[in-house]
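Residue numbers (this note's numbering), protein chains in the order written: chain A, 269 to 603; chain B, 269 to 603; chain C, 269 to 603; chain D, 269 to 603. Here's the structure we're looking at; comments come further down.
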């Protein structure tokens with residue numbers, strides 16, 4: 269049994285993590301924190317928790333945290349996170365960090381897309397928490413950088429062909445559409461219901477911060493530099509990311525061969541399902557699964573990937589990592 | 269040809285009014301104003317207007333206004349409106365006011381639900397702009413109080429039985445569901461897409477400001493005090509108000525008789541359609557029509573009413589009033 | 269451990285029941301049946317189940333059923349159900365029936381709203397499975413009539429005032445809005461996405477079959493005949509029923525007293541939450557909870573009730589009943 | 269004044285065409301036909317038309333048609349259309365055909381994706397009705413092949429770079445998401461509200477019939493063979509197509525140069541707006557406009573295009589073509 273705290277518990281990923289931990293047989297939720305103005309009984313902050321969780325969300329107290337928990341899900345935004353993580357690690361806690369702060373191995377790349385990095389020491393030891401790629405390194409880590417939602421969907425689509433050298437490392441396009449929960453809990457004009465409903469729009473054209481993250485991990489997987497053009501869109505639904513990935517094959521391959529490769533590559537993965545038809549976003553909503561459909565169209569690789577952005581793209585994957593960290597069955601709380 | 273200005277043009281009712289005026293053969297849109305921070309080219313403020321309207325929305329300049337327009341659609345919120353309307357009238361303009369400031373004849377009632385009334389003089393001369401009730405008084409008015417969205421839907425449902433004395437004046441229930449555009453353009457936690465999508469909730473329980481408005485007008489129509497329990501809800505769609513109205517008959521009536529009464533009562537109304545089956549909100553979206561279905565269930569009157577909250581419930585009705593004010597065909601720009 | 273079969277597993281309630289049973293520590297899902305044309309691997313029929321359930325949905329074989337299961341969730345529609353239930357009972361199985369066939373004690377009422385009743389014998393012994401009302405009778409039953417979705421929401425709103433004699437037995441209005449999943453899985457013009465999206469409409473005016481069910485159970489609870497005007501609507505969302513209930517108090521009561529009564533009445537109920545503010549449908553989605561808000565407006569009782577139509581209104585309540593039937597903790601699989 | 273009939277008026281494109289013609293100052297709607305089972309008063313078939321159009325939709329009578337109309341909007345599906353068009357032309361009518369039957373100049377390509385072509389004679393004379401490309405040929409045509417919805421959005425995105433030789437003719441990717449109205453009015457499991465709501469899915473992978481249409485027209489525009497990988501998706505909203513188009517530049521170009529090219533290319537087009545930021549689908553809903561945003565990301569051309577699939581992608585464009593056919597102002601009824 270591991271005692272788990274959630275820092276930054278008042279947002280959407282916090283709620284998802286709470287819900288999963290309430291079902292988890294080996295993890296006990298012991299402490300929830302948030303900014304003072306977002307505190308209160310968890311069941312008031314999230315009406316969904318009424319009758320299910322009698323625990324406050326309270327301002328962070330490091331002593332209390334160290335006393336109450338062994339592991340921390342750190343759901344803070346980038347920049348804020350690296351202000352806290354060193355203290356959490358110093359207090360002997362294991363940390364799964366949801367922010368981007370420990371995902372980009374190269375601090376220079378981080379600083380280009382984000383802000384100056386203030387915790388390069390721990391950055392050096394963080395493990396990128398994509399279990400399908402780094403399952404061996406995760407158990408011995410003390411700091412897991414939980415992958416971004418878009419990178420999770422795109423990388424699961426690309427891993428088999430990257431590993432097998434079956435895709436050209438240039439010219440890969442990731443066209444993705446996310447549900448609005450991906451934009452977080454803070455109201456804004458663009459996500460106001462009458463603005464977003466019945467709408468669909470591209471954003472972050474050429475500038476989205478998940479692009480360098482994808483490229484770094486894809487390059488690691490391929491063993492050579494990989495260039496990805498990532499284009500996010502947001503659509504009028506709550507949850508999920510559908511990624512449509514296009515690339516040039518490095519050698520001729522048929523749809524049947526590609527499908528077989530993906531099935532073989534992912535055959536032991538508990539949360540990746542390889543389909544023989546296009547996925548539907550709704551089939552992965554509220555689940556930790558990734559549904560993939562790889563095929564060949566006009567000689568090009570076309571791979572579709574569907575995940576829930578808040579589960580496999582955030583809190584579910586974090587708990588999958590937690591399970592690995594503590595030697596639990598990887599699927600606990602997640603099936 | 270009448271030259272029309274819109275004050276407070278940057279909100280949802282402003283956009284609807286602009287769209288209608290662009291189609292109007294006898295009205296010319298000449299001046300658009302808003303708060304400084306909401307100004308800019310109309311086609312930037314509303315992407316829908318690109319290529320269709322080359323006009324700025326600019327801070328209000330009273331001299332410019334008086335020069336450019338004969339009539340004003342005043343789309344300001346309550347309290348703000350009564351600060352401007354006296355000046356508009358003093359400048360010789362005719363005004364259709366969208367706020368609640370001139371709807372409640374009794375300033376004491378207004379002050380109970382809103383704020384102290386600062387323009388009782390003009391209040392005394394304002395005409396409540398529900399054409400189906402006050403078509404005769406509207407043409408000679410200088411200040412029209414454009415009805416609230418919920419009152420429009422509820423009153424059109426009730427007018428025939430109120431006028432005919434067919435409904436008990438106590439115990440009337442108006443259960444209404446509005447689309448989210450009814451809450452305006454400002455982002456808020458409750459109308460944030462991931463909060464409002466797939467949601468439905470009651471609000472303003474016992475306190476909604478449209479309740480006294482309904483009661484005043486219903487009492488006028490009945491010629492005696494009418495009491496209405498009005499309960500609004502908001503649902504996950506952009507536009508429209510569906511009102512389900514329940515009341516006790518004052519004397520026995522069959523469904524067929526009731527339907528016949530409504531058909532007869534509204535037979536010359538250009539924008540009221542009496543159906544012999546329940547209305548669908550989507551059939552009135554983007555239109556100035558009201559669809560009604562009156563029937564009797566277990567001896568009770570049950571009347572359904574569907575309108576578009578932004579058109580018949582606001583900007584469409586305002587232009588219907590404008591047409592009456594200027595002696596135009598009542599349906600110009602609206603069919 | 270109880271072995272459970274689902275008959276009629278290919279619809280929405282079937283999927284919900286499967287999902288709950290997969291999480292249930294004391295129930296084992298052993299057999300799934302449907303009409304031949306709806307059979308296949310469960311993970312093909314429901315893409316959501318990929319990787320989570322490796323079991324076919326197959327045509328019903330009574331011998332196989334009797335061998336594989338002790339308890340049956342019978343998710344068949346009315347009329348079809350009473351063709352099978354006698355055989356299930358004869359085979360010694362305990363049955364939770366989702367249809368209307370065993371809900372109306374008085375076969376004459378059933379026959380007025382449905383079809384001739386062909387199993388009056390078992391009808392006489394069926395227990396209406398609303399645990400908040402019949403918790404004592406349920407454990408010893410062999411046939412549970414699982415309540416309808418609308419009656420569940422409405423009755424939980426009304427039980428306290430009916431039991432306490434605080435509401436007039438005439439003139440009760442239940443205005444309810446359901447999500448589209450309430451209409452089942454079969455495509456139809458009215459539930460075609462472009463027809464239903466951005467829409468809201470009343471239906472079943474004066475004729476809905478859940479009206480006599482509500483009246484029977486409400487009358488039982490009150491100990492005298494209760495008359496309810498029930499008006500359903502369907503809105504553009506997947507799940508949930510929001511009921512807005514209006515009634516006359518039998519004696520003067522304040523909002524505070526009413527709230528206190530509800531809190532006291534439901535204090536030991538694991539799935540009923542009494543709120544001091546209006547409920548939001550989204551807070552009960554995917555859960556077995558009912559959120560209630562009782563208040564007084566203008567001297568009338570106004571009670572809001574929110575449930576998930578497929579969970580507390582169907583499959584969740586069925587498993588709550590199953591837990592009671594087998595002496596399990598009532599909340600197993602449901603929290 | 270031209271008298272216009274609509275054949276196949278009972279579907280979504282029929283309704284849109286009716287609505288536009290009701291506002292059109294030079295066209296008179298005189299005759300509406302559909303299959304017998306879809307006939308009835310137009311205001312019954314489409315509740316939106318109540319009070320606005322008093323005309324039946326009736327089974328087609330060729331004599332009546334020839335007598336009542338000069339021009340026909342033929343909203344029939346492919347294969348059916350080419351059974352009627354020869355008769356319409358023989359009767360001296362001008363025809364704007366919504367089907368695919370006259371879009372693919374090469375009957376062999378048509379027959380590969382559709383069915384045997386039975387009217388090659390008229391196929392030879394049909395003009396592809398994309399005014400931005402064929403404005404000169406349209407006025408003298410007797411048969412206009414109205415473009416498909418996806419090709420309209422994609423081709424408007426590509427025309428400038430195709431014409432200028434700025435894009436490589438191979439490797440173009442068109443990733444598009446359509447609203448559900450694109451799938452027509454017939455209910456189906458995939459477009460059942462609870463299936464499609466909160467969903468997003470790719471379809472027609474490698475096989476969509478709009479792919480050869482795009483390639484033919486793009487090749488015409490480029491003056492050489494162009495290969496396009498077109499991948500459609502459908503999302504949970506009513507209207508609109510957002511196309512995200514990716515291609516290799518044929519020579520180096522900056523974002524600013526590309527934007528300037530598009531502005532210049534489309535400067536006189538009444539319905540194409542070139543933006544300096546990504547378009548939002550909602551801004552073109554219910555309009556005949558196309559919003560484009562061309563840019564360069566990592567050396568690749570990325571062009572976003574937003575249209576309303578039923579207006580610019582069907583009925584609006586048809587009436588734009590009708591205006592050209594009759595020498596009317598091109599924007600009549602459409603602004």
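Ideal placement from N, C-alpha and C gives every residue a C-beta, glycine not left out. None of these values were measured; they are calculated from a predicted model.
Within its own chain, the residues whose Cβ lies closer than 6 Å to the Cβ of residue 421(A), once the five positions on either side in sequence are excluded, are 509, 511, 573 and 575, listed in chain order. For residue 484(B) and residue 428(B), the gap between their C-alpha atoms comes out near 16 Å. About 6 Å separates the beta carbon of residue 417(A) from that of residue 582(A), a gap short enough to meet the 8 Å contact definition. Considered as a whole, the stretch 503-528 of chain C harbours no complete run of any alpha helix (DSSP H) with no fewer than 4 residues. Per DSSP, reduced to three states, the secondary structure at residue 362(D) is strand.
Against residue 455(B), the close residues of chain A are 455, 456, 457, 459 and 460, in the order they occur along the chain (beta-carbon pairs closer than 8 Å). Residue pairing from DSSP places residue 309(C) in a beta bridge opposite 324(C). Judged by their CB atoms, residue 594(B) and residue 580(B) are not nearer to each other than the 8 Å cut-off. When rounded, the separation of the alpha-carbon atoms in residue 402(C) and residue 381(C) is 24 Å. Shown here, residue 352(A) sits in a helix according to DSSP, grouped into three states. Rounded to whole angstroms, the gap between the alpha carbons of residue 437(A) and residue 496(A) is 8 Å. Excluding sequence positions up to five before and after residue 412(D), its CB lies within less than 6 Å of the CB of 364, 395, 397 and 589, all in the same chain and listed in chain order. Of the other Cβ atoms in all chains shown, 16 or more fall within 10 Å of the Cβ of residue 570(D); this residue is therefore buried. With contacts defined by Cβ atoms closer than 8 Å, residue 435(A) and residue 562(A) do not form a contacting pair. Burial is judged here by how many other beta carbons sit within 10 angstroms of a residue's own beta carbon; residue 447(C) has at least 16 and is buried. Apart from sequence neighbours up to five positions away, the residues of its chain that approach residue 347(A) with a beta-carbon distance below 6 Å are 383, ordered along the chain.
Look at residue 296(D) here: in three-state DSSP terms it is strand.
In this chain, the beta strand (DSSP E) harbouring residue 443(C) covers 440-446. Bridge partners of residue 561(C) according to DSSP: 572(C). The stretch 402-445 of chain D contains, as complete beta strand (DSSP E) runs of 3+ residues, the segments 411-413 (chain order). Minimum Cα-Cα distance from residue 390(C) among the listed residues 284(C), 399(C), 377(C) and 372(C) corresponds to 372(C). When 9 Å is used as the limit between beta carbons, residue 553(B) is near these residues of chain C: 466 and 467, in chain order. In this chain, the alpha helix (DSSP H) harbouring residue 291(C) covers 280-291.
Counting only the Cα atoms, residue 272(D) lies some 5 Å from residue 339(D). Comparing alpha-carbon positions, the option among 577(C), 376(C) and 592(C) lying closest to residue 415(C) turns out to be 577(C). In the DSSP assignment, residue 272(B) falls outside any alpha helix (DSSP H) and within the unbroken beta strand (DSSP E) covering 270-275. One finds 462 in chain B with Cβ atoms closer than 7 Å to the Cβ of residue 449(A), taken in chain order.
Under the DSSP assignment, residue 341(B) falls in the beta strand (DSSP E) whose first and last residues are 339-342. Only 315, 316, 318, 319 and 320 from the stretch 297-324 of chain B bring a Cβ to less than 7 Å from some Cβ of chain D.
Nearest to residue 378(B) by C-alpha distance, out of 477(B), 461(B) and 276(B), is 477(B).
Within its own chain, the residues whose Cβ lies closer than 7 Å to the Cβ of residue 591(B), once the five positions on either side in sequence are excluded, are 597, 598 and 600, listed in chain order. Going by DSSP, residue 542(A) is part of the beta strand (DSSP E) stretching over 540-542. An exposed status is given to residue 454(D), since fewer than 16 other beta-carbon atoms sit within 10 Å of its beta-carbon. The beta carbon of residue 506(B) sits closer than 8 Å to some beta carbon of chain A.
Legend: CB atoms of the stretch 484-505 of chain A lying less than 8 Å from CB atoms of chain D belong to residues 495, 497, 499, 501, 503, 504 and 505. Secondary structure note for residue 331(C): its alpha helix (DSSP H) is the uninterrupted segment 330-336.
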